[in-house]
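To keep things clear, I will list the structure first and then write my remarks on it.
There are 2 protein chains.
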Amino acid sequence: MKVAIVGSGLVGQAWAIVYARGGCQVQMWDGSEQALQTGYEIVKRQIRELQACGLLDNPEDVTGRLQICSSLEDVLDGVDYVQESLPEKVEIKRQIFEQMDTLAPSGVILASSTSSIPASAFTDALAGQNRCLVAHPVNPPYLIPVVEICPAPWTDPDVVLRTRQLMDQIGQKPVTVNEEVEGFVLNRLQGALLREAFRLVERGVVSVEDLDATVKDGLGLRWAFMGPLETIDLNAPGGLKEYCNRYGGMFQRMSLEQTSTEPWSDSLVERLDQERRELLSADELEKRRIWRDQRLMALMRHKRSEAQ
Amino acid sequence: MKVAIVGSGLVGQAWAIVYARGGCQVQMWDGSEQALQTGYEIVKRQIRELQACGLLDNPEDVTGRLQICSSLEDVLDGVDYVQESLPEKVEIKRQIFEQMDTLAPSGVILASSTSSIPASAFTDALAGQNRCLVAHPVNPPYLIPVVEICPAPWTDPDVVLRTRQLMDQIGQKPVTVNEEVEGFVLNRLQGALLREAFRLVERGVVSVEDLDATVKDGLGLRWAFMGPLETIDLNAPGGLKEYCNRYGGMFQRMSLEQTSTEPWSDSLVERLDQERRELLSADELEKRRIWRDQRLMALMRHKRSEAQ
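Here it is in structure tokens:
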């Protein structure tokens, strides 16, 4: 497989690593020559770092599969699949997809990394609209496998299938989002939990620190290797149906208090931020992000070492 | 510290292990002599199993700290703290707390393991109402550290504090639930996420399998060692406040579609159950639970081996 990376910012860089690590030939391009060079250097450095962390073998082979191209025409030459990762503006997406649809032979899949713009918003006028879709990674995709595949209404089902197969092949975990919903699936689940978290802190039920502990020392443990539905399926002798019969009433009563939809208030955000800053000062954020990535790498190594 | 376990069913057994492993002297009692003997044997066996899994040292010492008692009076003799784990019926709780409040000297903390009944519902008439509270474990507490501490309005703040200290001392993770809300904190967070999961599957946006993958290969990875608030705090350069400014609008738009509160419909539950049964047949549930506990044990060992 030969893949084009269009846009060499943070997201494009991470994708380049994922595809090259997964055995694909990767061609990178960016509208800015400077950004392309910088991105390419960062990718090569990160490949060495991932090897040092035990998350990548044969760094020379991986780097050897990377190539930079000086034009959009060049980067699309001979590829099977394009991963676009330009800024999150619908006009930018519209323009680049128009150019890509003109330049790339039919049969080449055109995927966008967008987290917030549905494919239908920038592919509606294209002759090749049925080969376009969203393939939304979670940052950074070389540590977090899930990729949300979201077609436009006119996307060919075979394009969805082939994109899923590509993700499987490179070791990512594709999930198909069948409808263009705001936030796809991951952010909708996160949003539902965050909103209840914000409500509970706003109401004074729990502190920021204790709320996080409830997840990291409780709820989040099973979710790191099972999903929420498998979790409840195993939490009643007869499986999911029995769980729902037993606890559905409780969950329904709670939901009656979980319907607020107003914007998060400034005062609440201020308070949450203040509680966080007491736990971790602003100048420690960057150090903690490094800790987070190391913990994530260790967790991924752990998951890989366990039989599935 | 000397702890009384009142009720030797599944929850009481697990608590006995946790307290004894944590260095407490543990006295167990159950209204049924037979249940007490059975529970005691199971506890001793599980202590050996936990040692075999690397989750407990010195099993003889731990078992040596356990003792069974033939009456409620005996089990309360000389203890600092009582952990009640009888069936989830308010009348049962009311009766046992009345007896315990009469028999145990003032100063002894009386805690209930209930997941669904607020302490105020069964301690309102007690002379010692201010020493009563809920200490709700997640099953099984010897693998999952979080314990929700939920006082009644009349509980002495010092009783909350001392219960938290006891949990810290035995290696559990206490979180304080300041108000008697339905489902405390953990199940409210779970409920919010589950409801959105059910909505997305019902609407056909995602399959049961892909929904679980979105969490176990994405969202749940960070939550296993950070909470949801620390997660967003680290996900924007300037921290939580900047994250909320950037993404608050998206989360608010989603929330407008996340307000349904009706009971989970039979047809939806049927469909979810059917999709789960295609992934895991009913006769494999028990085997999968053993797998789950082994994965959980491995994850806890992993977390312990990582520097915090």
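These protein sequences, in sequence, are chains W and V.
So our numbering is basically just the index in the first sequence, starting at one, shifted up by 1378.
So our numbering is basically just the index in the second sequence, starting at one, shifted up by 1378.
No residue lacks a Cβ here, since even glycine has one placed at the ideal position from N, Cα and C.
Cross-chain neighbours of Gln1568(V) in chain W, by beta carbon under 9 Å: By Cβ distance, chain W contributes Leu1571, Leu1597, Pro1606, Thr1609, Ile1610 and Phe1629.
Neighbourhood of Leu1454(V) by C-beta distance below 6 Å, restricted to the same chain and skipping five residues each side: Excluding residues within five positions, the ones whose Cβ falls inside 6 Å are Ala1382, Leu1481 and Ala1482.
Distance between Met1678(V) and Gln1405(V) (C-alpha atoms, nearest Å): So the alpha carbons of these two residues sit roughly 27 Å apart.
Reduced DSSP category for Ile1446(W) - H, G, I as helix; E, B as strand; rest coil: Here Ile1446(W) sits in strand by DSSP.
Start-to-end residues for the beta strand (DSSP E) that takes in Leu1464(V): In the DSSP assignment, Leu1464(V) falls outside any beta strand (DSSP E), carrying neither H nor E.
Close beta carbons around Ala1614(V), own chain, < 7 Å, minus the five adjacent residues each side: Cβ-Cβ distances below 7 Å link Ala1614(V) to Glu1620, Tyr1621 and Arg1624 in the same chain, with the five nearest sequence neighbours on each side left out; the list follows chain order.
Chain W within 8 Å of Ser1633(V), Cβ atoms only: For Ser1633(V), the answer is yes, since a Cβ of chain W falls inside 8 Å of its Cβ.
Among Met1604(V), Gln1477(V), Ser1410(V) and Tyr1459(V), nearest to Trp1669(W) - alpha-carbon criterion: For the residues Met1604(V), Gln1477(V), Ser1410(V) and Tyr1459(V), the minimum Cα distance to Trp1669(W) belongs to Met1604(V).
Cβ contact check for the region 1596 to 1603 of chain V and the region 1626 to 1645 of chain W: 3 or more pairs under 8 Å: Segments in contact, no.
Beta carbon of Ala1570(V) nearer than 8 Å to that of Gln1636(W): In this structure, Gln1636(W) lies closer than 8 Å to Ala1570(V) by Cβ.
Test item: CB-CB of Cys1510(V) and Thr1541(V) under 8 Å: No.
Cut-off 8 Å between Cβ atoms - residues of its own chain near Ile1420(W), not counting five sequence neighbours on either side: If the five residues before and after Ile1420(W) are omitted, its C-beta is found closer than 8 Å to the C-beta atoms of Gln1391, all from its own chain and listed in chain order.
Residue from Asp1611(V), Arg1443(V) and Thr1441(V) whose Cα sits closest to the Cα of Glu1656(W): Taking Glu1656(W) as reference, the option from Asp1611(V), Arg1443(V) and Thr1441(V) with the minimal CA-CA separation is Asp1611(V).
Under 7 Å by beta carbon: chain B residues contacting Arg1673(W): Included in the structure are the protein chains W and V, with no chain B among them.
Inter-residue spacing [alpha-carbon to alpha-carbon] between Thr1609(W) and Ala1513(V): Thr1609(W) and Ala1513(V) have their C-alpha atoms spaced approximately 23 Å apart.
Three-pair Cβ contact test at 8 Å for the region 1521 to 1537 of chain W versus the region 1585 to 1601 of chain W: Using a C-beta cut-off of 8 Å, the region 1521 to 1537 of chain W makes no contact with the region 1585 to 1601 of chain W, since fewer than three inter-stretch Cβ pairs fall below that distance.
Nearest-angstrom Cβ-Cβ length linking Arg1577(V) and Glu1574(W), presumed shorter than 8 Å: Actually they are not in contact, since the Cβ atoms of Arg1577(V) and Glu1574(W) sit about 14 Å apart, beyond 8 Å.
Integer-rounded CB distance, given that Gly1400(V) should sit under 8 Å from Ile1495(V): Distance from Ile1495(V) to Gly1400(V) at the Cβ level is roughly 26 Å; contact not present, criterion being Cβ atoms closer than 8 Å.
Cβ contact (3+ pairs, closer than 8 Å) linking the region 1413 to 1431 of chain W and the region 1452 to 1467 of chain W: No: fewer than three Cβ pairs fall under 8 Å.
Three-state secondary structure assigned by DSSP to Cys1329(W): Residue numbering for chain W in the displayed model covers 1379 to 1686; residue 1329(W) lies beyond these limits and cannot be assessed.
Alpha carbon of Asn1436(W) to alpha carbon of Gly1442(W), nearest angstrom: Approximately 10 Å, taken between the alpha carbons.
Per-residue contacts from Leu1618(W) into chain V (C-beta, under 7 Å): Neighbours of Leu1618(W) across chain V, judged by C-beta separation under 7 Å: Leu1650, Asp1651 and Arg1654.
Minimum Cβ-Cβ distance from Val1389(W) to chain V less than 8 Å: For Val1389(W), no Cβ of chain V is located within less than 8 Å of the residue's own Cβ.
Within 8 Å, strictly: CB atoms of Val1460(V) and Leu1488(V): Contact flag set, yes.
Every unbroken beta strand (DSSP E) inside the region 1464 to 1517 of chain W [3 residues or more]: Counting only runs of at least 3 residues, the region 1464 to 1517 of chain W fully encloses the following beta strand (DSSP E) elements, listed from N- to C-terminal order: 1487 to 1490 and 1510 to 1515.
Ile1395(W) at chain V interface by Cβ criterion, 8 Å: The beta carbon of Ile1395(W) sits no closer than 8 Å to any beta carbon of chain V.
Burial state of Ala1503(W), where buried means 16 or more other Cβ atoms lie within 10 Å: Label assigned to Ala1503(W): exposed.
Listed by chain order, chain W residues near Asn1556(V) by CB distance under 8 Å: Identification of chain W residues near Asn1556(V) by a Cβ-Cβ cut-off of 8 Å yields Gly1582, Val1583 and Val1584, ordered along the chain.
For Glu1653(W) and Leu1618(V), the rounded distance between their alpha carbons: Spanning the two alpha carbons is a distance of roughly 10 Å.
Partners in chain V for Arg1667(W), counting only beta-carbon separations shorter than 7 Å: Chain V residues near Arg1667(W): Leu1612.
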